[in-house]
Amino acid sequence: MIQSDLDLFGPQPQRLAAHTVLLPGFALAEMEPLLDALRPVLRAAPFRHMQTPGGQHMAVALTNCGALGWVSDAKGYRYTPTDPQSGEPWPDLPQVLLGLARRAAEVAGFEGFVPDACLVNHYLPGTRLSLHQDKNERDFSQPIVSISLGLPAVFLLGGLLRSDRTQRVPLSHGDVMVWGGEDRLRFHGVMPVKPGVHPRMGERRINLTLRKAG
Ligand code: MD6
Ligand code: FE
19 MIQSDLDLFG PQPQRLAAHT VLLPGFALAE MEPLLDALRP VLRAAPFRHM QTPGGQHMAV
79 ALTNCGALGW VSDAKGYRYT PTDPQSGEPW PDLPQVLLGL ARRAAEVAGF EGFVPDACLV
139 NHYLPGTRLS LHQDKNERDF SQPIVSISLG LPAVFLLGGL LRSDRTQRVP LSHGDVMVWG
199 GEDRLRFHGV MPVKPGVHPR MGERRINLTL RKAG
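Going letter by letter, the sequence shown gives residues 19 to 232 in the working numbering.
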């Protein structure tokens with residue numbers, strides 16, 4: 019059997035909605051530099067479980083890098099220039115992430131994307147993320163670039179109403195998703211991560227979302 023020419027170039031981008039594109043394996047070529055860059059970020063700003071305004075604590079553990087970081091506490095959700103845990107500025111956004119995000123956005127049709135915030139989410143097996151909209155950023159004309167690492171997960175891509183039906187999108191290690199435009203305010207979430215051990219990342223899923231927040 020001769021492989022078709024297309025297979026030689028790896029999986030192709032998949033359009034999930036008008037302005038939502040999945041780039042399977044897009045981060046794989048730079049995985050080791052990416053993980054090397056992430057290590058000092060996590061040392062300086064370790065994962066933590068933040069409180070929701072309702073007083074619960076989030077199942078997902080999170081941290082940030084970049085000029086701004088997303089935080090949640092009794093006062094609500096917002097971006098801050100410093101890590102409330104250390105009082106220090108969030109760690110710098112690594113160049114390898116800036117480059118990846120810019121190129122992924124470009125492939126998806128968003129030119130000149132320069133993120134100033136990267137939210138890093140950590141899921142253990144069983145952890146889910148309930149349906150939400152990302153609307154704490156200033157400029158909804160800018161897309162969000164999402165990089166998945168480690169254990170696979172099913173991403174739920176909903177509509178502009180919480181009650182809209184959701185599309186189930188399987189996400190694997192190295193997959194990158196870009197969404198913006200009219201999809202920017204879609205509800206979305208993550209199904210509970212199934213137990214497993216990823217050969218490179220162990221018993222966890224990590225998701226990086228790069229945003230232009232300020
Ligand atoms: C996650 N992602 O994949 C959670 N938000 O773990 C998000 O909440 C998200 O992937 C906005 C844009 C892209 C995302
Ligand atoms: Fe989100």
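Here a beta-carbon is modelled for each residue, glycine too, at the ideal position from N, C-alpha and C.
As the structure is a computational prediction, the values presented were derived from the model and not from experiment.
- Here the alpha carbons of residue 224 and residue 188 stand approximately 14 Å from one another.
- Residue 197 is bridged by DSSP to 38, 162.
- Relative to the non-hydrogen atoms of the ligand MD6, the Cβ of residue 195 comes within a distance shorter than 7 Å of at least one.
- For residue 53, the secondary structure class from DSSP, reduced to helix, strand or coil, is helix.
- Distances taken from the Cβ of residue 225 to the heavy atoms of the ligand MD6 include one shorter than 7 Å.
- Of the residues assessed, residue 191 falls on the buried side of the cut-off, its CB having 16 or more other CB atoms within 10 angstroms.
- In the structure shown, the three-state DSSP call for residue 183 is coil.
- Residue 87: member of the beta strand (DSSP E) spanning 87-91, first to last residue.
- Residue 30 carries a coil assignment under DSSP once its states are collapsed to helix, strand and coil.
- Closest in alpha carbon position to residue 217, among 132, 129, 168, 147, is 168.
- In the structure shown, the three-state DSSP call for residue 213 is coil.
- Between the alpha carbons of residue 41 and residue 122 lies a gap of roughly 8 Å.
- Relative to the ligand FE, residue 157 has its C-beta separated by 7 Å or more from all heavy atoms.
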